[in-house]
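Take a look at the structure below.
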Amino acid sequence: MGDKLYGGIEAGGTKFVCAAGSGPDDIRHTLNIPTTAPEETFAACRAFFDRVIDEEGPMAGLGIAAFGPVNVDAASAQYGIVGRTPKPGWPGASYLQAFSGYGVPVKVSSDVSGAALGEYLAQVRVGAGQGARSLAYVTVGTGIGAGLVAEGKVLQGTSHYEFGHIYPPRHADDPFAGRCPYHGACLEGLASGPAIMDRWGKSLSELPDDHVAHEIEAFYLAHLAVVITLTHMPEKIIYGGGVMKTPGLIDRVRRKTVELLNAYADGPSAGDMDVYIVPPGLPDVSGIAGALALARQAVENAG
Numbered sequence: 229m230g231d232k233l234y235g236g237i238e239a240g241g242t243k244f245v246c247a248a249g250s251g252p253d254d255i256r257h258t259l260n261i262p263t264t265a266p267e268e269t270f271a272a273c274r275a276f277f278d279r280v281i282d283e284e285g286p287m288a289g290l291g292i293a294a295f296g297p298v299n300v301d302a303a304s305a306q307y308g309i310v311g312r313t314p315k316p317g318w319p320g321a322s323y324l325q326a327f328s329g330y331g332v333p334v335k336v337s338s339d340v341s342g343a344a345l346g347e348y349l350a351q352v353r354v355g356a357g358q359g360a361r362s363l364a365y366v367t368v369g370t371g372i373g374a375g376l377v378a379e380g381k382v383l384q385g386t387s388h389y390e391f392g393h394i395y396p397p398r399h400a401d402d403p404f405a406g407r408c409p410y411h412g413a414c415l416e417g418l419a420s421g422p423a424i425m426d427r428w429g430k431s432l433s434e435l436p437d438d439h440v441a442h443e444i445e446a447f448y449l450a451h452l453a454v455v456i457t458l459t460h461m462p463e464k465i466i467y468g469g470g471v472m473k474t475p476g477l478i479d480r481v482r483r484k485t486v487e488l489l490n491a492y493a494d495g496p497s498a499g500d501m502d503v504y505i506v507p508p509g510l511p512d513v514s515g516i517a518g519a520l521a522l523a524r525q526a527v528e529n530a531g
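Here is the structure:
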């Protein structure tokens with residue numbers, strides 16, 4: 229085809245999605261791999277890329293959107309190394325070491341930052357970031373995280389943001405102690421999918437519409453929306469992940485966010501919440517599209 233071939237990995241705690249193509253708009257090959265031990269998972273990823281290279285030729289760059297915590301500071305000696313995750317076997321695993329054999333530029337970012345970038349870059353087609361110069365992407369599932377993109381660049385400090393581990397106010401009807409192994413009652417410890425299961429023995433979508441769980445979940449997620457709004461003022465906040473597929477949840481989050489902001493903030497958040505807090509435009513491929521975009525950026529930066 230004449231276009232460069234890029235590889236991408238959306239590295240999740242449950243599964244890895246590998247893909248190859250000329251960019252986010254041209255995904256030619258994909259494979260889902262269960263997340264097991266690092267050595268086994270990385271070997272399966274390499275086998276996928278080896279097959280693609282045999283078929284299409286050399287890969288120009290690799291982008292990795294990884295579950296956290298992971299070092300995303302390219303100037304650090306620890307770049308690409310997994311931090312203190314509770315996932316057994318993964319602390320200390322190195323993405324750069326695992327894929328160094330390809331001899332190509334590699335860029336590592338967080339999984340939610342990759343999804344944010346995928347939605348941003350796809351905005352001219354179907355991405356939820358249509359028309360926005362800046363956006364936040366929140367995922368609510370096994371964990372909770374948020375990534376931000378402005379003018380096509382992932383925002384971060386010394387590492388990726390850890391919005392899932394802020395301490396929200398406690399809901400008056402929520403006695404749950406929290407399940408985060410590090411913080412107990414942080415946002416992830418209170419509002420992730422496993423936290424919902426721990427309390428009520430069912431997923432949120434399996435509980436009746438009038439169950440207090442819906443109000444409690446919206447309360448916590450709206451506090452996250454307020455934090456993101458007041459600290460970053462994005463033009464859109466995208467809420468994705470398995471928990472957000474619960475019917476009516478995003479509307480509850482919108483209503484609670486309006487209540488909590490209390491007409492304080494200017495900008496998009498002062499307008500129609502239906503266009504400020506939105507579902508993903510690419511619910512199944514935003515993460516891997518972002519990973520391929522990271523691969524392209526890795527090559528551009530190396531040049």
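Start counting the sequence shown at 229; every next residue gets the next number (my numbering).
Don't be surprised by glycine CBs; every beta carbon is placed ideally from N, CA and C.
Owing to the predicted nature of the structure, the values given are computational and were not obtained by experimental measurement.
Asked: Buried/exposed call for lysine 335, threshold 16 Cβ in 10 Å; Found: buried
Asked: Closest by C-alpha distance to glutamine 306, when choosing among Ile261, Ala321, Gly495; Found: Ala321
Asked: Alpha-carbon to alpha-carbon, cysteine 273 and proline 316; Found: 19 angstroms
Asked: Same chain only: Cβ atoms within 7 angstroms of lysine 243, ignoring 5 sequence neighbours per side; Found: Asn260, Ile261, Pro262, Thr263
Asked: Residue interval of the alpha helix (DSSP H) (run including aspartate 426); Found: 421-428
Asked: Within 7 angstroms, strictly: CB atoms of lysine 473 and alanine 450; Found: no
Asked: Residue from Arg482, Asp438, Tyr492 with nearest C-alpha to leucine 458; Found: Tyr492
Asked: Under the three-state DSSP convention, the category threonine 258 falls into; Found: strand
Asked: Where phenylalanine 404 sits in the DSSP three-state scheme; Found: coil
Asked: Exposed unless 16 or more other CB atoms sit within 10 angstroms - verdict on aspartate 500; Found: exposed
Asked: Completely contained beta strand (DSSP E) runs for the region 257-315, where each covers 3 or more residues; Found: 289-294
Asked: Contiguous alpha helix (DSSP H) assignments of at least 4 residues, all confined to the region 490-525; Found: 501-504
Asked: Cβ-Cβ distance between arginine 427 and glycine 417 below 7 angstroms; Found: no
Asked: Strand pairing of cysteine 414, partner residues [DSSP]; Found: DSSP, once it has assigned bridges, lists no residue as partnering cysteine 414.
Asked: Chain-order list of residues whose beta-carbon lies under 6 angstroms from that of valine 366 (same chain, five-residue window excluded); Found: Ala374, Tyr467
Asked: Buried versus exposed, by CB contacts within 10 Å (16 or more), lysine 464; Found: buried
Asked: Run of the alpha helix (DSSP H) containing valine 440, from where it starts to where it stops; Found: 440-460
Asked: Beta strand (DSSP E) segment containing tyrosine 467, residue limits; Found: 464-468
Asked: Own chain, CB closer than 6 angstroms to alanine 343, minus 5 neighbours either side, in chain order; Found: Tyr365, Ser514, Gly515, Gly518
Asked: In DSSP terms, what leucine 376 is bridged to; Found: Ala364
Asked: Straight-line Cα distance separating phenylalanine 404 from valine 352; Found: Confidence at valine 352 is low in this model, with a pLDDT of 43, below 50, so its placement is unreliable and the value that follows should be read with caution. Distance between the alpha carbons of valine 352 and phenylalanine 404 is about 43 angstroms.
Asked: Bridge partner(s) assigned by DSSP for serine 338; Found: Ala294
Asked: Inter-residue Cα distance where the pair is proline 314 and glycine 296; Found: 10 angstroms
Asked: C-alpha gap between lysine 381 and leucine 345, whole angstroms; Found: 7 angstroms
Asked: Helix, strand or coil at serine 322 [DSSP, three-state]; Found: strand
Asked: Backbone secondary structure at glycine 249 - three-state DSSP; Found: strand
Asked: Contact belief for glycine 371 with glycine 470 at Cβ below 8 angstroms, rounded distance in angstroms; Found: Actually they are not in contact, since the Cβ atoms of glycine 371 and glycine 470 sit about 11 angstroms apart, beyond 8 angstroms.
Asked: Reduced DSSP category for isoleucine 237 - H, G, I as helix; E, B as strand; rest coil; Found: strand
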